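S.K.: So the sequence shown is numbered by the working numbering: it starts at 1 and just counts up by one.
Note that CB positions come from ideal geometry on N, CA and C, so glycine has one too.
Computed from a predicted model, the values in this text were never measured in an experiment.
One structure follows; several queries about it will come next.
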Amino acid sequence: YVMDDVLYTRDKKIVVTGRVFEEVQTSRKRTKKVFKRVSLEKFGLDGKKEAEFPTTTGGRMLLSAKVVTNGKGDIFVCGYYTNDVKDQMINGIVVNRINPLTGEVLMSSEKAIDPSMAGKFEDDNNDEEEKKEKSKKKEPEEESEGFAHSYQFKKVLIGQDNSIVLIAEQFQYDVRTSVQSSFVNGQYRTRTTTTYYYTSGDIMTTRIGGDGNIKFVSVIPKWQIERT
1 YVMDDVLYTR
11 DKKIVVTGRV
21 FEEVQTSRKR
31 TKKVFKRVSL
41 EKFGLDGKKE
51 AEFPTTTGGR
61 MLLSAKVVTN
71 GKGDIFVCGY
81 YTNDVKDQMI
91 NGIVVNRINP
101 LTGEVLMSSE
111 KAIDPSMAGK
121 FEDDNNDEEE
131 KKEKSKKKEP
141 EEESEGFAHS
151 YQFKKVLIGQ
161 DNSIVLIAEQ
171 FQYDVRTSVQ
181 SSFVNGQYRT
191 RTTTTYYYTS
201 GDIMTTRIGG
211 DGNIKFVSVI
221 PKWQIERT
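This is the structure we're talking about:
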């Protein structure tokens, strides 16, 4: 268990959010701890635990997640899931909307995404376009490679109609060390240099309607590298 954040509810309670990990078998001799679900625990101001809210992932293994609230106080749990713990590609999005006063799950959605969906928009007012979009999504998700696991949530925006815009960015952190040796005046001299690389890549934005259906997936190409 890893604690992530603390949220406050309309009835002056505290919700502690965290990630729960589970050990799974990746080969005959190896196991790996994977992110299984988001934990939501509600506490009173006296510190006593009052409730634990359910979050459903359909048995999926999550890669990352973000918990936010809207203006009405509802809690939104958004996460990327993978179909294969070994490849760890992003294959879909899980969204839960929860009423923190009652613990009721107001909406639960699990939708597959893949790179072929990028740039294809669904017009809410155009039934013909919607039919075409749905027909394109009939391809089994196993045949798609998925998005790279390096995408990390940067921000989640909630609309007044409970629609969601997810903003994620590719990020990678590397450390490289080089050693140079030289022989000067009968003595060996060694110089060690450590370089830290911070790579920020493409930005992926996904809009999800209040009904849990995906409206569009858009990828903005970008490449930044910082070296220290």
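I'd like to know if the stretch 51-60 and the stretch 17-31 are in contact, where contact means that at least 3 CB-CB pairs between them fall below 8 Å.
M.R.: no
S.K.: In chain order, which beta strand (DSSP E) runs of at least 3 residues are fully inside the stretch 71-127?
M.R.: 75-82, 92-98, 105-112
S.K.: Is the Cβ-Cβ distance between Met117 and Ala168 less than 8 Å?
M.R.: no
S.K.: What residue range does the beta strand (DSSP E) around Glu145 cover?
M.R.: Counting along the chain, Glu145 sits inside no beta strand (DSSP E), nor does DSSP assign it H or E at all.
S.K.: If distances are taken between C-alpha atoms only, which option among Asp174, Ile214, Gly210, Phe216 comes closest to Tyr197?
M.R.: Asp174
S.K.: Leaving out the 5 sequence neighbours to the left and right, which residues in its chain are closer than 6 Å to Glu110 when beta-carbon positions are compared?
M.R.: Gly58, Val94
S.K.: Identify whether Ser200 lies in helix, strand or coil by the three-state DSSP scheme.
M.R.: strand
S.K.: Tell me, please, which residues DSSP counts as bridged to Arg227.
M.R.: In the DSSP assignment, Arg227 forms a beta bridge with Tyr197.
S.K.: Using the Cβ count rule (16 or more neighbours within 10 Å means buried), how would you classify Lys33?
M.R.: exposed
S.K.: Does the beta-carbon of Leu166 have 16 or more other beta-carbons within 10 angstroms, so that it is buried, or is it exposed?
M.R.: buried
S.K.: Determine the extent of the beta strand (DSSP E) in which Ser182 is found, giving its start and end residues.
M.R.: 164-184
S.K.: With Gly56 and Asn96 assumed to form a contact (beta carbons below 8 Å), what rounded beta-carbon distance in angstroms separates them?
M.R.: First, the amino acid is wrong: residue 56 is Thr here, not Gly. Between Asn96 and Thr56 the Cβ distance is about 6 Å, and since that is below 8 Å, they are a contact.
S.K.: Please report how far the alpha carbon of Ala163 lies from the alpha carbon of Lys215, in whole angstroms.
M.R.: Note that residue 163 corresponds to Ser in the displayed sequence, not to Ala. Looking at the two C-alpha atoms, the distance is approximately 10 Å.
S.K.: Apart from the five residues on each side of it in sequence, which residues of its chain come closer than 8 Å, Cβ to Cβ, to Glu52?
M.R.: Ser39, Leu40, Glu41, Lys42
S.K.: Measure the CB-CB distance between Gly119 and Ser182 and report whether it falls below 8 Å.
M.R.: No, the pair does not count as a contact, with Cβ atoms beyond the cut-off.
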